[in-house]
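*Asks:* There's a structure below that I have some questions on.
6 protein chains.
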Amino acid sequence: MSDTRRTRILCDVDFDKDGFQQGFLRLFHSSHISAYGFLPMPIVVIRNGEGPTALFVSGNHGDEYEGQVALTNLVQSLRPEQIRGRVIILPTANFPAALAGNRVSPIDNLNLNRIFPGDPDGSVTEQIAWFISEQLVPRADLVCDLHSGGSSLLYTPCSLTGRVEDEALYARQLAALRAFAAPVAYVQGRAQGQGGNQTLGGVAERLGIPSVGTELGGAGAVSPEGLRVAERGVRNLLVHLGILPGEARIPAPETRIFGLKGQDQFVYAEEAGLFEPVAELGDWVQAGQLAARLHTPETPWRAAVEHRFARAGFVLCKRQPGRTQRGDCLFVLGSEELP
Amino acid sequence: MSDTRRTRILCDVDFDKDGFQQGFLRLFHSSHISAYGFLPMPIVVIRNGEGPTALFVSGNHGDEYEGQVALTNLVQSLRPEQIRGRVIILPTANFPAALAGNRVSPIDNLNLNRIFPGDPDGSVTEQIAWFISEQLVPRADLVCDLHSGGSSLLYTPCSLTGRVEDEALYARQLAALRAFAAPVAYVQGRAQGQGGNQTLGGVAERLGIPSVGTELGGAGAVSPEGLRVAERGVRNLLVHLGILPGEARIPAPETRIFGLKGQDQFVYAEEAGLFEPVAELGDWVQAGQLAARLHTPETPWRAAVEHRFARAGFVLCKRQPGRTQRGDCLFVLGSEELP
Amino acid sequence: MSDTRRTRILCDVDFDKDGFQQGFLRLFHSSHISAYGFLPMPIVVIRNGEGPTALFVSGNHGDEYEGQVALTNLVQSLRPEQIRGRVIILPTANFPAALAGNRVSPIDNLNLNRIFPGDPDGSVTEQIAWFISEQLVPRADLVCDLHSGGSSLLYTPCSLTGRVEDEALYARQLAALRAFAAPVAYVQGRAQGQGGNQTLGGVAERLGIPSVGTELGGAGAVSPEGLRVAERGVRNLLVHLGILPGEARIPAPETRIFGLKGQDQFVYAEEAGLFEPVAELGDWVQAGQLAARLHTPETPWRAAVEHRFARAGFVLCKRQPGRTQRGDCLFVLGSEELP
Amino acid sequence: MSDTRRTRILCDVDFDKDGFQQGFLRLFHSSHISAYGFLPMPIVVIRNGEGPTALFVSGNHGDEYEGQVALTNLVQSLRPEQIRGRVIILPTANFPAALAGNRVSPIDNLNLNRIFPGDPDGSVTEQIAWFISEQLVPRADLVCDLHSGGSSLLYTPCSLTGRVEDEALYARQLAALRAFAAPVAYVQGRAQGQGGNQTLGGVAERLGIPSVGTELGGAGAVSPEGLRVAERGVRNLLVHLGILPGEARIPAPETRIFGLKGQDQFVYAEEAGLFEPVAELGDWVQAGQLAARLHTPETPWRAAVEHRFARAGFVLCKRQPGRTQRGDCLFVLGSEELP
Amino acid sequence: MSDTRRTRILCDVDFDKDGFQQGFLRLFHSSHISAYGFLPMPIVVIRNGEGPTALFVSGNHGDEYEGQVALTNLVQSLRPEQIRGRVIILPTANFPAALAGNRVSPIDNLNLNRIFPGDPDGSVTEQIAWFISEQLVPRADLVCDLHSGGSSLLYTPCSLTGRVEDEALYARQLAALRAFAAPVAYVQGRAQGQGGNQTLGGVAERLGIPSVGTELGGAGAVSPEGLRVAERGVRNLLVHLGILPGEARIPAPETRIFGLKGQDQFVYAEEAGLFEPVAELGDWVQAGQLAARLHTPETPWRAAVEHRFARAGFVLCKRQPGRTQRGDCLFVLGSEELP
Amino acid sequence: MSDTRRTRILCDVDFDKDGFQQGFLRLFHSSHISAYGFLPMPIVVIRNGEGPTALFVSGNHGDEYEGQVALTNLVQSLRPEQIRGRVIILPTANFPAALAGNRVSPIDNLNLNRIFPGDPDGSVTEQIAWFISEQLVPRADLVCDLHSGGSSLLYTPCSLTGRVEDEALYARQLAALRAFAAPVAYVQGRAQGQGGNQTLGGVAERLGIPSVGTELGGAGAVSPEGLRVAERGVRNLLVHLGILPGEARIPAPETRIFGLKGQDQFVYAEEAGLFEPVAELGDWVQAGQLAARLHTPETPWRAAVEHRFARAGFVLCKRQPGRTQRGDCLFVLGSEELP
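Sequence lines, in order, name chains H, P, B, E, R and S. For what it's worth, full-length UniProt numbering labels the leading residue of the first sequence as 1, then goes sequentially. For what it's worth, full-length UniProt numbering labels the leading residue of the second sequence as 1, then goes sequentially. For what it's worth, full-length UniProt numbering labels the leading residue of the third sequence as 1, then goes sequentially. For what it's worth, full-length UniProt numbering labels the leading residue of the fourth sequence as 1, then goes sequentially. For what it's worth, full-length UniProt numbering labels the leading residue of the fifth sequence as 1, then goes sequentially. For what it's worth, full-length UniProt numbering labels the leading residue of the sixth sequence as 1, then goes sequentially.
Structure representation (structure tokens):
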């Protein structure tokens with residue numbers, strides 16, 4: 001980041017001070033109904049002497065909730081004397097979106113995870129992205145960005161990381177992925193991720209900082225199972241980094257890791273209609289197997305359009321809403337080969 | 001219905017003609033972009049001589065999908081020569097809502113199932129309600145209205161009927177409920193139903209015609225399990241009425257029937273927040289048991305608000321969306337006593 | 001109208017006073033930005049002693065403009081000394097719709113010509129309908145309601161009247177229709193009109209007062225040709241009633257009169273798509289002749305859907321907008337038989 | 001009210017029980033995001049034995065705040081042992097509007113104080129009106145409805161009542177008006193009120209129950225001066241009714257009472273523009289005196305349009321927003337003669 | 001274009017493969033209701049060996065339809081064996097706008113033809129512009145961008161090109177303009193175009209590639225006459241380039257070519273009002289001649305505002321909608337001198 | 001400004017011509033309803049020979065009105081023969097916002113005073129900012145930007161300037177501030193201004209041109225007192241610059257000047273609620289003094305949240321709307337020390 005412009009956001013907490021600090025990132029947003037107001041984005045820093053720093057982010061998409069609950073619980077349970085080093089927690093990263101329960105910001109309609117590294121002089125979401133890129137990520141030894149499927153997708157609870165080019169960095173990411181101890185995980189190949197390099201993970205990669213993420217459920221709800229995976233993963237990452245002692249680790253079976261690298265792992269709707277899924281999360285499907293039917297009850301005498309999987313794979317994710325447009329993603333498969 | 005006003009909707013099909021007829025209810029809706037246009041609501045009538053009439057309705061709420069798929073499949077599979085009597089199928093009852101995947105009509109913002117018997121001179125949804133009340137229900141020997149939880153609720157797939165005052169009618173409804181063969185069913189007490197007597201079932205009751213309904217899933221999706229329950233139920237009702245021969249019946253275990261008659265069977269949010277369900281569909285819970293926590297990630301250092309069940313019961317239904325307002329319904333319990 | 005409730009609208013003009021009066025109907029509409037404000041609907045009364053009363057209305061649909069311009073010009077040119085009797089002019093009947101250039105009211109989304117006789121205690125449009133029904137129509141010896149095709153339709157300039165049951169009234173309407181001297185006219189059969197009896201003409205019929213209307217162009221524009229037809233017609237009606245002297249009559253060729261009584265005179269879109277009209281206004285078409293193609297450029301390799309006329313007729317009207325939904329009206333034909 | 005239909009709203013409190021009770025009116029509103037939810041409208045009943053009943057309402061218009069604050073403070077300060085009889089407090093009458101800070105309901109766009117007595121089967125605001133009309137007003141010996149100018153008007157803090165036909169009722173209303181002890185008050189003549197008989201006061205009059213109201217400030221803000229007037233008035237009304245003992249009365253100078261009975265006491269904008277008030281609240285103005293200029297900065301070389309008062313009077317109220325449409329009310333004057 | 005960033009859009013077709021290929025440009029647009037979905041923009045490539053490449057674009061503005069129909073018909077009729085070289089067809093360039101029948105994108109509210117060359121990392125419309133600029137235009141020997149007047153303007157069917165500085169390029173553009181064989185054409189002077197250099201034509205000019213355009217009708221409709229001009233022009237351009245053989249040429253009278261270079265060729269509304277055009281398309285008007293009247297039916301006693309042409313010229317274009325604001329363009333004239 | 005791109009806005013006036021010129025900045029904005037239209041932003045230039053240039057701007061925020069009225073009056077009263085030099089007047093700088101009475105543009109939702117220096121190729125507001133930055137500010141010897149509190153704030157009428165680094169420039173600004181002769185003024189410290197360096201004043205500073213501003217009232221209204229301060233200030237600045245002769249100066253008491261440099265001079269809402277201000281404009285408050293209570297009438301039994309001033313100061317500004325969110329600014333204090 002050779003850009004030397006500085007954030008306009010004021011920050012209530014001092015990242016270098018020991019103890020438990022809570023406060024707000026004050027993002028000034030001058031609107032018709034609040035000319036001098038700020039958006040009060042909560043931030044918590046817990047520090048106890050020198051040591052590694054973990055950065056936990058949730059609410060990057062406002063309608064992905066398990067991470068928000070897990071980090072809220074962490075804020076209420078983790079105390080400085082339990083740790084060594086520092087934990088930075090940003091539970092509602094796209095704050096206006098999180099308040100609204102929306103994937104994207106209701107203020108500027110931007111998807112935070114598609115506009116990194118952001119712009120300190122830009123719109124609300126661009127300023128948030130810049131603050132995270134400039135002020136938070138560079139302070140971290142590990143970035144953990146907790147996602148779920150949101151309103152339109154449902155995932156089997158899993159963790160994920162990217163297949164970065166730097167092998168040492170990749171090894172550290174894989175180690176963190178295993179430490180997180182989700183039942184399932186996947187590794188994203190380069191350029192296959194929907195967000196390209198404009199994600200939070202992309203920022204971390206450019207700075208050489210390891211990052212892992214999650215997809216914990218979705219359908220616009222809080223999944224109790226996804227929440228348990230999140231809480232265990234967060235705690236185990238703190239152990240993995242040495243911020244919490246080893247005995248704090250919550251044991252779990254080994255993670256099953258899949259790869260995600262080709263468009264043939266996605267099933268997209270070929271026509272508009274009402275989506276009936278035929279496969280379920282966690283199924284292992286074969287190439288050519290029926291994936292979905294798209295119905296048109298507004299013309300009930302018209303036959304449904306059948307969709308089939310293009311290749312074999314593990315069903316990581318499926319679309320939630322019934323009403324569907326051509327081009328909407330219906331399924332995502334994990335493959336056995338890593339990218 | 002002493003009101004003698006007539007519908008303004010034109011109907012393509014002749015209810016008294018034998019054979020398979022498909023067409024539209026033409027509801028003229030004069031708008032800025034279509035001054036003389038009509039809303040083309042599909043309707044199908046399948047008739048083979050004298051005999052009983054079954055009326056199947058779905059899309060009463062536009063975002064409740066399993067019934068819409070089941071009736072679409074019925075339109076494509078049922079042929080006059082297979083039946084005796086008549087089957088009337090209205091798969092997208094609140095047509096504008098069904099097209100939009102919305103509970104209520106995007107045109108007049110009305111909830112069809114809260115405004116029966118409607119008004120022939122009223123707004124779009126009021127005209128639909130009137131047509132169903134005046135033209136369809138009186139022709140039926142049984143009304144089956146296929147609902148699901150919609151976008152905001154998720155039900156364990158079940159069927160339901162109302163505890164009408166007329167004992168003979170109630171007996172016929174219970175018989176139909178059992179014939180439907182859903183794994184779970186419930187009987188609604190008088191005046192406890194959310195829609196009071198302004199529902200489609202209320203219209204049928206006033207005409208002395210038996211009616212059953214369903215709640216087949218929800219969360220804005222098509223549930224494969226709910227779809228199977230719907231398809232079996234629709235077929236078995238046709239057998240029950242004698243429209244299909246007995247050998248067409250799809251066998252199923254006996255239905256477990258609960259009662260729903262008191263506000264203490266509902267859990268409502270006491271504060272706004274992010275809803276974490278603690279019980280699951282199909283659980284049997286005890287009075288005082290923890291039902292939910294409401295979190296506030298925008299103030300993560302604030303403790304969650306706990307909600308408890310007021311009485312014992314079977315979890316029929318839970319809220320889907322995370323973001324929740326005070327007054328939103330979180331759970332509905334079935335009780336062992338029928339109303 | 002046995003309803004004895006009175007309008008809440010204040011009226012600046014005295015209908016029984018001689019001379020030229022201009023002012024407003026003051027329709028109080030208490031809104032967030034104007035708690036005590038009124039909608040200032042202009043009205044003009046021109047009176048010179050005893051004699052017949054003509055009521056001219058335009059802006060019944062806010063996006064139908066030729067009548068609004070013709071009546072605006074009439075207000076600026078007609079003077080009491082030129083007439084005998086009374087002329088009442090309401091140029092922007094659905095005032096909020098006319099200001100917005102919209103078919104329906106932006107305040108309550110109602111179509112004024114579908115809700116007559118209205119309601120004095122109702123919403124804004126319902127109050128307007130009631131004032132016209134209770135205060136204006138009963139004072140008139142002839143009602144002339146100037147329409148055009150609006151934003152979604154384009155008409156060959158024509159006049160029209162309804163085939164009322166009362167033969168004497170019908171004869172007076174036909175005489176007025178011929179006096180109007182449009183090049184083309186049509187007579188609407190009972191129950192075929194899109195607005196049924198909830199139109200301004202329906203109010204006049206119930207009071208036994210003759211009424212004529214127009215369709216002067218459309219496509220959301222002011223048609224110079226339609227404007228000329230309107231200005232001649234308005235003037236000739238005043239001569240016909242004896243309000244203006246005979247020498248004021250503007251000569252014109254005889255009107256060609258068609259009938260409109262059956263749904264087979266309408267062509268509706270069978271599928272959504274981009275509407276290419278194949279016939280033109282003023283054509284005489286045959287049954288089975290190609291009327292339109294509906295294209296789908298978003299799937300350009302899919303063949304267009306062809307639509308054909310169901311019967312022979314004179315093309316009175318065609319749809320304007322390209323993008324079209326199933327059920328939108330594409331063409332209206334006049335037939336040689338009157339209803 | 002010969003209508004015997006019953007409200008669908010559930011009520012948490014028992015009006016006949018002694019002590020302090022708080023709870024909600026549960027107005028079920030089935031929406032896309034909350035199919036079974038209710039709107040939780042707070043209500044408080046404080047009762048201590050037999051005695052008179054005072055009904056206090058605020059938030060009838062959601063953006064009128066002084067009454068809402070005064071009643072909130074009353075809920076927190078008044079205890080059963082201090083009173084004799086009963087006090088019913090409904091601080092946010094149009095609940096969705098009050099939450100939104102809006103004059104009218106964001107759900108159905110209705111102005112609660114223009115639709116009394118409402119409809120138990122109608123839209124949200126109609127159901128609220130009906131509950132107040134059927135369940136609250138009949139229980140009261142005095143109704144006090146606390147208004148302010150809202151977002152579009154600013155009032156000098158005052159109280160008001162209507163010039164009802166029944167002389168005994170009028171005398172009781174005048175006595176209550178004086179007891180309220182606002183510095184200024186006015187009496188509304190029949191049919192001059194902006195809301196006609198569709199207001200809460202109209203309901204009370206039809207039941208023969210005295211009512212008083214207020215206009216305490218406005219401009220969308222909480223006025224500290226208006227709040228003091230409200231709190232004194234509420235307390236003094238309780239003394240006046242004998243619910244609080246005489247020593248609780250807060251002394252105040254005598255109220256100056258004006259009349260409001262003619263349209264000439266209102267100044268309305270004759271053209272659209274930017275409103276510069278020339279008179280101020282509390283001024284005594286003369287007929288012909290300059291009231292306002294309407295400017296057009298978008299055409300700055302065009303002269304302002306001057307508006308003058310039509311008669312002498314006391315400036316009770318002025319418009320707040322600069323941008324103004326023809327028909328918006330700019331000033332309201334009190335006259336020396338009562339109606 | 002020294003910018004070396006690459007598009008994020010996936011492309012189904014291989015531009016270098018022989019034969020007929022159809023598919024989609026997959027523009028990933030992560031929204032609340034479709035987190036991983038893409039916008040399916042259809043593209044067709046028809047290739048038969050080496051030879052020149054023609055690029056045809058329509059739907060640059062979504063409500064301009066004749067080009068969309070002409071290219072849809074071309075897709076269905078042109079086959080590889082008929083041609084030599086390559087034809088690339090993009091019928092719905094601003095895909096979301098074309099689906100909506102809107103000039104600008106309903107997603108980001110951008111006008112595609114005002115933001116070239118676009119941005120590969122930008123919003124939806126910016127990504128489309130970039131793809132066309134980077135992937136399509138550089139492959140073309142001739143760019144043909146088919147416009148019409150859209151919803152707000154109506155053109156006499158014509159073709160057009162720009163007066164580029166490079167004389168050789170200009171000569172090639174004039175030759176293509178004549179080959180297109182529209183009855184009327186015009187040449188735009190530099191800096192007079194409404195879109196400046198941010199248009200698709202501007203991109204082609206900077207790459208030294210000849211481009212021609214059209215204005216084929218408008219008023220939001222499909223014009224049969226404009227469609228015939230478009231289909232003949234597209235075919236004749238293919239002959240002109242040698243992609244189709246000479247005998248495929250459709251003969252037509254010579255094109256009448258006008259110039260468009262000064263603001264005095266535009267008539268703009270000086271006040272808001274209802275626009276009555278006095279001149280018609282295809283008229284030759286004189287300086288000072290009456291062009292339009294702007295009426296105000298909401299104040300019908302106010303005189304119309306007359307507008308006159310500032311210079312002589314041929315009426316190429318007029319405004320369609322009646323309701324008009326100050327600054328709206330009412331007429332565009334062609335002049336006899338080319339720029 | 002090393003950027004050499006030129007504005008796309010056409011300008012009707014010649015800045016170098018003597019006399020009184022009025023006209024429009026023509027900002028072409030191609031929309032669905034006006035493809036070739038421009039936004040007609042009025043501009044006036046009054047010039048009489050060589051001499052200094054004053055640039056007056058209002059409507060930078062569209063809902064700040066006193067400056068708009070003062071400059072409208074100036075346009076109508078100031079004549080070339082009265083002055084020496086040049087006066088440039090832009091009364092509705094953010095023209096679409098001013099027409100709408102909105103702080104930000106309804107077209108692109110941008111706040112003009114947060115995006116300077118703008119972009120000649122950008123959205124509507126960005127193009128306006130660029131025109132002012134490139135064409136107007138460089139021509140000025142003094143820039144005066146007339147603000148008020150707008151819809152959400154209310155200021156005691158005051159003038160202001162920035163504490164620029166360049167001491168000579170600062171001295172000139174202070175001299176202009178005193179010449180303006182408002183009763184109160186304040187000096188903004190660096191980086192404390194809500195708009196940072198993206199304001200109109202920031203542009204002037206970078207060009208070394210002195211600028212002053214105002215805050216003249218607010219609450220969405222025209223304040224007569226603020227208007228008087230504005231008209232005196234504008235006139236006195238013209239005298240100060242030597243454009244008007246000394247005798248034109250309107251005498252006034254000396255200005256009381258405060259400093260504004262720290263976040264502790266702002267009071268922000270800590271919770272959402274209904275804002276009751278306890279201090280008033282013009283008060284001198286102490287640290288720890290009660291500033292406000294935030295009430296929740298929707299939960300009236302919940303205690304109000306009290307807010308206190310963090311330091312002593314003069315109340316320059318308070319929030320207007322009752323309904324308030326966490327982070328909204330409630331008060332701004334002036335301090336005795338200048339920055």
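Glycine included, C-beta positions come from ideal geometry on N, C-alpha and C.
1) Helix, strand or coil: how does DSSP classify Gly193(H) here?
2) By the 9 Å beta-carbon criterion, what residues does the segment 78 to 106 of chain R contribute toward chain H?
3) Do Asn109(P) and Arg103(P) have their C-beta atoms closer together than 8 Å?
4) Span of the beta strand (DSSP E) holding Gly259(E)?
5) Only counting the same chain, and skipping five residues up and downstream in sequence, which positions put a Cβ closer than 7 Å to that of Ala321(R)?
6) Buried or exposed: Glu165(E), going by 16 or more other Cβ atoms within 10 Å of its Cβ?
7) Listed in chain order, which residues of the segment 220 to 252 of chain P have Cβ atoms closer than 8 Å to some Cβ of chain H?
8) Using a Cβ-Cβ distance cut-off of 8 Å, determine whether Trp284(B) contacts chain R.
9) If you follow the alpha helix (DSSP H) that Glu225(P) is part of, which residue opens it and which one closes it?
10) In this structure, how does DSSP classify Trp130(P) when only helix, strand and coil are distinguished?
11) Can you name the residues of chain P whose CB is closer than 7 Å to the CB of Asn111(B)?
12) Which stretch, first to last residue, makes up the alpha helix (DSSP H) that contains Gln188(S)?
*Replies:* Answer, in terms of the structure:
1) Position 193 of the first sequence, counted from the start, is the residue given in the question as residue 193(H). Below a pLDDT of 50, predicted positions are generally treated as unreliable, and Gly193(H), at 49, falls in that range; no measurement from the model is reported.
2) none
3) Here residue 109(P) is taken as the residue at index 109 of the second sequence, counted from 1. Here residue 103(P) is taken as the residue at index 103 of the second sequence, counted from 1. No, the Cβ-Cβ distance between Asn109(P) and Arg103(P) is not below 8 Å.
4) Position 259 of the fourth sequence, counted from the start, is the residue given in the question as residue 259(E). Segment Arg256 to Leu260, the beta strand (DSSP E) holding Gly259(E).
5) Mapped onto the fifth sequence, residue 321(R) falls at position 321. Note on residue identity: the sequence assigns Pro, not Ala, to residue 321(R). So the list reads Ser152, once near-sequence residues are dropped.
6) Numbered from 1 along the fourth sequence, position 165 holds the residue referred to as residue 165(E). Residue environment: Glu165(E) is assigned as exposed (fewer than 16 neighbouring CB atoms within 10 Å of its CB, all protein chains considered).
7) Gly220, Ala221, Val222, Pro224 and Leu227
8) One-based indexing of the third sequence puts residue 284(B) at position 284. Answer no: the Cβ-Cβ gap between Trp284(B) and chain R never drops below 8 Å.
9) Within the second sequence, the letter at position 225 stands for residue 225(P). Start and end: Pro224 to Leu241.
10) To locate residue 130(P), count along the second sequence from 1; it is residue 130. It is helical.
11) In the third sequence, the residue the question calls residue 111(B) occupies position 111. Residues of chain P passing the Cβ test: Ser30.
12) Locating residue 188(S) in the sixth sequence gives position 188, counting from the first residue. Gln188(S) -> not in any alpha helix (DSSP H); beta strand (DSSP E) instead, spanning Val184 to Gln188.
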